[in-house]
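Down below is the structure, laid out as structure tokens.
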Amino acid sequence: MKIDLASVPPHASALAGGLSPGIFPYLSASVRLDELRSAMAAYGSAVVTGKRGARLAAEVPGVLIDPAAYFPSAKDQPEGLFDYDDWLMRQRAAGAPLIVTDTPRIPNKDRSALKAALARWGTIDEPTLVVLPIEPWWLRDGLSWLIEEVRAAARPVALVVLHRYNGLDLVRAIAGLLVFISEVEPVPVVLLRCDISAVGAAAHGAYAGFVGWSASTRHGPLPMRQPKRAEGDDEQDDTPSVLVPALHTYFKTSALPAFARIRRPDVLRCDDPFCAGQSLLEIAERGEVDPCAARTLAGRHNMATTEQIARRVLSAAEPRDTWRETCCAGAEMSASLVGSGISLPSSRWLRQWLDVGSPSHHFETVR
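Taken in order, the sequence shown gives residues 295 to 661; the numbers are from the working numbering.
The following block contains the structure:
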């Protein structure tokens with residue numbers, strides 16, 4: 295999803311040769327080699343995770359590797375950063391064009407852990423992206439510390455917002471993210487494991503974003519307890535989620551037939567290069583007979599639709615205005631369905647983007 299921008303950001307040299315500005319796919323270690331090659335050919339860059347991802351990256355030039363060591367096991371690391379350079383060596387051996395640090399979760403209020411993360415592999419010569427796996431607290435109450443330390447380190451950073459679902463749902467999280475991007479400029483800011491909000495962040499000055507092609511790779515994971523199901527409870531919905539462009543949000547494919555029942559096929563029509571005008575119901579129907587194939591189709595659709603939105607927004611004369619118009623269109627389409635018997639309140643993260651206001655106005659500084 296590389297975007298050909300009219301002007302290159304002044305801080306692009308900090309990631310020279312390793313990453314271009316734009317929006318790209320974030321893939322799990324379970325991705326097949328042919329899918330990874332296809333993603334690189336289509337979008338120009340991609341991230342894979344973990345040790346298996348490192349092996350795959352060695353087969354496909356240009357792939358970045360996120361160690362995804364946010365919650366290392368006790369045998370790997372009792373606490374703090376790794377005390378060995380295993381991940382540095384793995385990325386060098388794979389020929390990664392940009393080194394991605396192996397930072398574990400940075401606890402809330404732990405400024406020393408933030409400093410340590412920003413110093414990781416600070417003396418190596420290769421272009422390096424410092425991963426900051428943070429909870430939303432750092433974009434709200436801890437924002438001033440985050441800004442001060444990133445400014446002082448002056449190294450390109452990649453945010454992973456850790457949450458049990460979507461950290462950008464929390465009040466003030468998106469406003470805090472935008473303040474952070476603005477206040478640390480010209481330090482490049484990249485978003486890892488993000489959703490469509492990465493496009494909005496890029497429109498507001500983020501250097502790049504990596505959008506997960508499935509729910510498990512769209513948000514930074516936090517360990518969560520699985521609720522106990524009582525006898526007679528419905529089974530967990532394991533159907534894949536898809537980005538519905540008309541609504542500008544994600545839905546489980548199990549929920550899509552409802553739009554067909556109210557005779558609103560326009561909501562599910564998708565004009566991205568992968569779907570080519572077909573209905574997203576085809577993914578839902580495929581899932582009834584081949585769940586694995588449906589997940590692959592959903593992932594390809596999600597990447598193609600995100601790219602289409604990114605190209606339209608980031609190539610516009612006023613990307614912020616175009617992003618806001620896209621968010622408004624999704625909210626208005628959702629509201630229009632009320633008369634058909636479907637009540638769809640806008641997602642909390644989408645409402646926050648709408649609250650940011652017109653790009654011609656200064657957004658409120660959140661401290």
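We put the CB at the ideal spot given by N, CA and C, even for glycine.
Query	Result
Below 8 Å between beta carbons: does that hold for Val454 and Arg487?	yes
Threshold first: 4 residues or longer. Then list the alpha helix (DSSP H) segments lying entirely within the stretch 464-497, N to C.	467-478 and 491-497
Pick helix, strand or coil for Phe553, following the three-state DSSP scheme.	helix
Gly389: buried (16+ other C-beta within 10 angstroms of its C-beta) or exposed?	exposed
Between which two residues does the beta strand (DSSP E) harbouring Ala452 extend?	Val451 to His457
Between which two residues does the beta strand (DSSP E) carrying Asp360 extend?	Leu358 to Asp360
Just list the residues that DSSP pairs Ala502 with in beta bridges.	Gly316 and Val484
What are the boundary residues of the beta strand (DSSP E) that includes Thr422?	Thr422 to Ile428
What does DSSP give as the partner residues of Ser630 in its beta bridges?	DSSP, once it has assigned bridges, lists no residue as partnering Ser630.
Between Leu562 and the rest of its own chain, which residues show a CB-CB distance below 8 Å, the 5 nearest in sequence each way excluded?	Val538, Ala540, Leu550, Phe553, Ala554, Ser573, Leu574 and Leu575
With distances taken Cα to Cα, identify the nearest neighbour of Leu279 among Ala348, Asn402, Leu412 and Ile400.	Summary: the structure shown does not reach residue 279, with the chain confined to residues 295 through 661, and so no result is reported for it.
Could you name the residues of the same chain whose beta carbon sits closer than 8 Å to that of Cys622, not counting the 5 residues immediately before and after it, in chain order?	Leu648
CA-CA distance, Glu619 and Asp380?	45 Å
Just the Cα atoms here: how many angstroms apart are Gly581 and Ser508?	15 Å
If we ignore side chains and look at the alpha-carbon of each, how far apart do Ser630 and Ala352 end up?	49 Å
Between Thr599 and Leu313, what straight-line distance do the alpha-carbon atoms span, to the nearest angstrom?	21 Å
Which first and last residues belong to the alpha helix (DSSP H) in which Ser535 is found?	Premise fails: Ser535 lies in the beta strand (DSSP E), Ser535 to Val538, not in any alpha helix (DSSP H).
How would you write the range of the beta strand (DSSP E) that Tyr544 sits in, first residue to last?	Thr543 to Lys546
By DSSP's criteria, Ile441 is part of a beta bridge. Which residues make up the other side?	Bridge partners of Ile441: none, in fact.
Do the CB positions of Ala496 and Gln646 come within less than 8 Å of each other?	no
Going by DSSP, what residue range makes up the alpha helix (DSSP H) through Val607?	Pro585 to Leu608
Answer yes or no: do Ala447 and Leu412 have a C-beta to C-beta separation smaller than 8 Å?	yes
Can you pull the DSSP bridge partners for Pro515?	His457
Provide the residue span of the alpha helix (DSSP H) that contains Gly344, from first to last.	Gly344 to Ala351
List the whole-angstrom C-beta distance separating Ala340 from Ala333, where the pair is believed to meet the contact cut-off of C-beta under 8 Å.	5 Å
Short of 8 Å in beta carbon distance, which residues of its chain neighbour Val650, apart from the five on each side in sequence? Order them along the chain.	Ile468, Ala469, Leu472, Arg618 and Phe657
Look up Val561 in the DSSP assignment and say whether it is helix, strand or coil.	helix
Alpha carbon to alpha carbon, what distance is there between Asn460 and Trp643?	8 Å
Since Lys409 is in the alpha helix (DSSP H), which residue starts that stretch and which ends it?	Arg405 to Ala413
List the endpoints of the continuous alpha helix (DSSP H) containing Leu648.	Arg642 to Asp649
What is the residue span of the alpha helix (DSSP H) that Arg384 lies within?	Asp380 to Ala388
In this structure, does DSSP put Ser510 in helix, strand or coil?	helix
Using CA coordinates, which residue listed in Arg466, Ala363, Val342 and Ile359 is at the minimum distance from Pro515?	Ala363
If we call anything under 8 Å between Cβ atoms a contact, is Val394 one with Ile418?	no
Starting from Tyr337, trace the alpha helix (DSSP H) both ways and give me its first and last residue.	Leu327 to Tyr337
Report the residue from Phe318, Leu426, Pro315 and Leu309 whose alpha carbon sits nearest the alpha carbon of Pro361.	Leu426
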